[in-house]
Structure formats: structure tokens, C-alpha cells
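For reference, the structure discussed in these notes is given below.
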Amino acid sequence: MENSGIIGYENGMRNETELLEAINGKKLPELSKHLQYIVRTMFKRADMFDTVYVEKVPGFAKPDLKFTIGDEVHYLSVKHGQSSQVHCEDIQTFIKWLRENGMSEHIIECFLKYHYADGTLDGTGKDRMNQNKVMVFYEDEVKEINEAFNENRFFVRDLVKRVVFDGNDPSKPSADFIYHGDIEEGEICSMESVLKYSKQKRCEKLNTPHIGRILIRPYARYLHNQDTHPEKRHKVTFDWIRLEWDLEYIKEWGY
Numbered sequence: 050m051e052n053s054g055i056i057g058y059e060n061g062m063r064n065e066t067e068l069l070e071a072i073n074g075k076k077l078p079e080l081s082k083h084l085q086y087i088v089r090t091m092f093k094r095a096d097m098f099d100t101v102y103v104e105k106v107p108g109f110a111k112p113d114l115k116f117t118i119g120d121e122v123h124y125l126s127v128k129h130g131q132s133s134q135v136h137c138e139d140i141q142t143f144i145k146w147l148r149e150n151g152m153s154e155h156i157i158e159c160f161l162k163y164h165y166a167d168g169t170l171d172g173t174g175k176d177r178m179n180q181n182k183v184m185v186f187y188e189d190e191v192k193e194i195n196e197a198f199n200e201n202r203f204f205v206r207d208l209v210k211r212v213v214f215d216g217n218d219p220s221k222p223s224a225d226f227i228y229h230g231d232i233e234e235g236e237i238c239s240m241e242s243v244l245k246y247s248k249q250k251r252c253e254k255l256n257t258p259h260i261g262r263i264l265i266r267p268y269a270r271y272l273h274n275q276d277t278h279p280e281k282r283h284k285v286t287f288d289w290i291r292l293e294w295d296l297e298y299i300k301e302w303g304y
């Protein structure tokens, strides 16, 4: 798990660098058709004489690359490969956000029980359940979580915006486009189209905690109490399974 995460991170960084180097400082006619497509999706008024400037966004922010043509600026979140994770944060900051957005204490307790899976609300229990046991033992709680998280479509939109485009650090810039792919192929969609899709798309067949198409999971449960990184017990991840397929669907159907 640890090695695969490191490899995925390194591959992602390499992919961002390749995109930057392939586009930065070039005019549209100098770019491949696919790279022109990426640029024109963000810059509707770009013409053949415009130079595109690209730079990496420093630190841990939702956008990975900053694109500039003249006075117009756009921020792009880049995804690549099989990794489905779109967000990860400390569970306490997520709980704080839930409270600020009207989630009841009962639902918050249900979520904490599911997350820690040890009979407590803070991860101090000694006996930890695997996912199969969790889904049986906390079946009713998970149903309540999904109903509460997904019944208000504006709540769905706001949470998707947080975990895909904004992040949990207001000092960092937000992404206004998301791209899944590399320098040769992939799909790009605007924040507005993704949020419109997420607000309309219901995923009632998903039986694990989710928000729209995004699964909400504990980063690590350490079932045998071998906490190699104890802090990861207190982190929650958001995984968008088949993100590339959904972006293609969003673009094809004109969201």
C-alpha cells in the first residue's frame, strides 16, 4: 500500500511535468491537436497568435497546473492512471465542515462509528472490524449516512466542490477544470459541468458511504492494531471510481 502510493505520486508528478513542458511557452499551432483541445476548453477565445504559459502550483493545493494567456488564468487539477483518490483530509476537519453545513450530530456519530469500526467515536477501541463485518454491524448507520449525505442535492454539489476543486485550505487556489489523462489522450471538464452532473446523478445502488459517485473511506484501519502510521487512522479519503469514464460522459452529454 505504502509503495504503491509513492509510485502513484511519482507517476502523477511526472505526468504533470510532461504536460507543462509540452505546452508552456508555445502558441496553439505548435501544439498537438489533443493539447490544443485542452487549452481551447479552458480558453474559449484563444487564437493562433496567443502564447500559453504553464506553471506548477506550489504546495498541496487542488489545482496542479496554472495556465495563463494574457490576463486570463485557469487552474487545472490533473489526474492520471488507476488511482481514484481525489481528496484526503483529517477526519476532524471534515466533521467540522459537516457541522457547518447542517449535518446532524446523529449522522456525524454514525459516520464516526463507521470510520473507526471499533465501537468508539475516536478510534480508541481495541477490537477493529474488517470492511465485511462493518457493513453488517453498521448496516443501518451506513444507510442513514447515505440518505443524509445524498438527499439534499445542494449538499452533494457543495461537498463535491470541496473534495474535487477547492480542498480544505481556503488560502490555496481552487481548480476550475479537471483533467484525467496525459499528453496524448484524456478528457477535461469544467467545474461547472462536473457539479451539474454530480447534483443530478444519483447512485442509490452504492451501499458504502458515498456522495454521488465519490466513495468515502477511512485511509487506514490497521485491523491488527499494528499502527505503522497512527495518524492515518484519523484521515478520511474520497475516491472517485471510474473518473475518466464519468468525465467522458459529462462531455458527451453536454453537462
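Each residue of the sequence shown is one higher than the one before, counting from 50 in our numbering. Beta carbons: idealized from backbone N, C-alpha and C, even for Gly. Since the structure is predicted, the reported quantities are computational estimates derived from the model, not experimental observations.
DSSP three-state assignment for residue i, whether helix, strand or coil
| i | result |
| --- | --- |
| Arg266 | strand |
| Thr66 | helix |
| Lys250 | coil |
| Ile227 | strand |
| Thr277 | coil |
| His129 | coil |
| Gly61 | helix |
| Trp294 | helix |
| Trp302 | coil |
| Lys162 | helix |
| Lys175 | coil |
| Lys284 | strand |
| Thr169 | coil |
Residue from the options with nearest C-alpha to residue i
| i | options | result |
| --- | --- | --- |
| Val212 | Lys75, Ile265, Glu65 | Ile265 |
| Ala95 | Leu114, Ile118, Glu104, Val106 | Ile118 |
| Lys111 | Cys159, Gln134, Asp99 | Gln134 |
| Asn60 | Asp231, Cys252, Glu280, Tyr271 | Asp231 |
| Gly108 | Met152, Pro222, Gly235 | Pro222 |
| Asn256 | Asp176, Glu293, Val191, Met178 | Val191 |
| Asp120 | Ser132, Tyr102, His129 | Tyr102 |
Residues near residue i in its chain [Cβ-Cβ closer than 6 Å; skip 5 each side]
| i | result |
| --- | --- |
| Met62 | none |
| Met240 | Phe214, Asp225 |
| Ser242 | Ile299, Tyr304 |
| Lys76 | Thr100 |
Beta-carbon contacts of residue i that lie in its chain and below 8 Å, excluding the five residues immediately before and after
| i | result |
| --- | --- |
| Lys284 | Cys137, Glu138, Asp139, Ile140, Pro267, Tyr268, Ala269 |
| Tyr187 | Cys159, Lys162, Tyr163, Ala166 |
| Val122 | Lys115, Phe116 |
Sequence-distant residues of its chain with Cβ nearer than 7 Å to residue i (five each side left out)
| i | result |
| --- | --- |
| Glu65 | Lys105, Asp113, Leu114, Val127 |
| Phe156 | Here the sequence assigns Ile to residue 156, which means Phe is not the residue at that position. Excluding sequence neighbours, Ile156 sits near Glu193, Ile194, Ala197. |
| Cys252 | His259, Gly261, Arg262 |
8 Å Cβ cutoff met for residue i and residue j
| i | j | result |
| --- | --- | --- |
| Glu158 | Leu170 | yes |
| Met260 | Asn199 | Note on residue identity: the sequence assigns Ile, not Met, to residue 260. Yes. Within cutoff. |
| Arg307 | Asp276 | The question about residue 307 has no answer, for the chain in this structure spans 50 to 304. |
| Glu209 | Ile290 | According to the sequence shown, residue 209 is Val rather than Glu. Not in contact: Val209 and Ile290 (Cβ atoms no closer than 8 Å). |
| Leu244 | Arg202 | no |
| His129 | Glu233 | no |
Residues that residue i bridges to, as DSSP identifies them
| i | result |
| --- | --- |
| Ser239 | Phe226 |
| Val101 | Lys75 |
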